[in-house]
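The structure under discussion appears below in the form of structure tokens.
Numbering (our numbering), first residue to last: 3 to 154.
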């Protein structure tokens with residue numbers, strides 16, 4: 003199960019959070035995440051993100067084992083398999099994304115409790131007419147917004 007004690011492979015820039023000044027997200031990957039979230043409605047969609055210290059390069063869609071409207075879980079086997087794929091691509095595990103079908107794009111208490119430190123945490127909300135994507139750094143219960151820079 004994905005939680006704060008999950009393995010950390012090739013963390014971008016070691017143990018330091020690399021995206022303090024913003025995270026670069028190609029529009030193509032932005033739309034991939036939005037499409038995944040829409041497809042999974044009314045349940046939460048989830049997945050992992052990989053790339054470099056400069057930007058996200060790959061979106062890894064995952065199966066939400068809970069199939070709930072207000073929580074997600076990536077089982078350990080799936081998590082480990084995705085991490086192996088990230089390593090095979092010679093990228094770094096840089097973050098997690100998931101959707102909030104009816105809530106705003108802010109971390110819930112569960113999101114904060116189960117966040118993996120030093121990773122980007124993207125939340126996509128479908129509560130309004132248009133989806134809203136926000137990014138955060140969540141570390142030891144502290145939540146900091148991170149600017150998302152869409153690139154071509």
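Glycine residues also receive a C-beta, built at the ideal position from the N, C-alpha and C atoms. Keep in mind that this is a model prediction, so the values were computed, not measured.
For residue 96 against residue 58, the beta-carbon gap comes to about 6 angstroms, under 8 angstroms, which counts as contact.
At a Cβ-Cβ threshold of 9 angstroms, residue 115 and residue 124 do not count as neighbours. Counting along the chain, residue 144 sits inside the beta strand (DSSP E) bounded by residues 144-148.
Secondary structure of residue 69 (DSSP, three-state): coil. The criterion of a C-beta distance shorter than 9 angstroms is not satisfied by residue 153 and residue 129. Looking at the DSSP output, residue 49 bridges to 63, 99.
A straight-line Cα-Cα distance of about 16 angstroms links residue 135 and residue 121. Secondary structure note for residue 122: its beta strand (DSSP E) is the uninterrupted segment 122-127. If the five residues before and after residue 101 are omitted, its C-beta is found closer than 6 angstroms to the C-beta atoms of 39, 46, 47, 126, all from its own chain and listed in chain order.
Residue 75 sits close to residue 66, with the two beta carbons spaced by under 9 angstroms.
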